[in-house]
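Chemist: Take this structure, written in structure tokens, and hold onto it; I'll ask about it next.
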Amino acid sequence: MEWLVSLVIGVMTASGVYLVLRARTFPLVLGLTLLSYAVNVFLFAMGRLQIGQAAIIRPEATAYTDPLPQALVLTAIVIAFGMTAFLIVLALKARSELGNDHVDGLIYVAEEQANNKNESKPGASS
Numbered sequence: 001m002e003w004l005v006s007l008v009i010g011v012m013t014a015s016g017v018y019l020v021l022r023a024r025t026f027p028l029v030l031g032l033t034l035l036s037y038a039v040n041v042f043l044f045a046m047g048r049l050q051i052g053q054a055a056i057i058r059p060e061a062t063a064y065t066d067p068l069p070q071a072l073v074l075t076a077i078v079i080a081f082g083m084t085a086f087l088i089v090l091a092l093k094a095r096s097e098l099g100n101d102h103v104d105g106l107i108y109v110a111e112e113q114a115n116n117k118n119e120s121k122p123g124a125s126s
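Oh and the sequence shown: position 53 is 53 in UniProt numbering, straight run, nothing missing.
The structure is reproduced here in structure tokens:
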């Protein structure tokens, strides 16, 4: 079972890194979301999950599930949801303002404006 969780974490991390390296904003948002899911699964797996073990710790208990990673994962899920919503709104606003969805779209717009200024100047050679 541990190898399966490790494999899932590895696949989600690799997919997230691949999507983060794309030049468009929507795959970037998906990649960051996948990376946050991979970190959440990793933290959840660090809590030594055991099937059939109660969350209440008794003095005679030898094996129990640590509740701290579960609390961290719940907090991380809420933070990741908020950040994902913010990134989606930011990407949509950048798309509507800049006219493209490239990650470095502002650079393209600045270059186009500089080219337009050079062309509109009298005596400027192209």
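Positions of the beta carbon are idealized from the N, C-alpha and C atoms, including for glycine.
#1: With residue 99 as the anchor, note down where its alpha helix (DSSP H) starts and where it stops.
#2: Comparing C-alpha positions only, which one of 84, 43, 94, 8 sits nearest to residue 72?
#3: Just how far apart, CA to CA, sit residue 111 and residue 90?
#4: In terms of DSSP beta bridges, what is residue 24 paired with?
#5: Check residue 1 in the structure and name its three-state DSSP category.
#6: Go ahead and label residue 75 buried or exposed: buried means 16 or more other beta carbons lie within 10 angstroms of its beta carbon, across all protein chains shown.
#7: Just to confirm, are residue 101 and residue 25 a CB contact at a threshold of 8 Å?
#8: If we ignore side chains and look at the alpha-carbon of each, how far apart do residue 86 and residue 66 end up?
#9: Is residue 21 near residue 34, with beta carbons less than 8 Å apart?
#10: Is residue 69 buried or exposed, if buried means 16 or more other CB atoms sit within 10 Å of its CB?
#11: Thinking residue 17 and residue 41 are a contact (beta carbons under 8 Å), I'd like their distance in whole angstroms, please.
Modeler: Quick answer:
#1: Run containing residue 99: none; DSSP gives neither H nor E here.
#2: 43
#3: 22 Å
#4: 102
#5: coil
#6: exposed
#7: yes
#8: 32 Å
#9: no
#10: buried
#11: The pair is not a contact, with the Cβ atoms about 15 Å apart (cut-off 8 Å).
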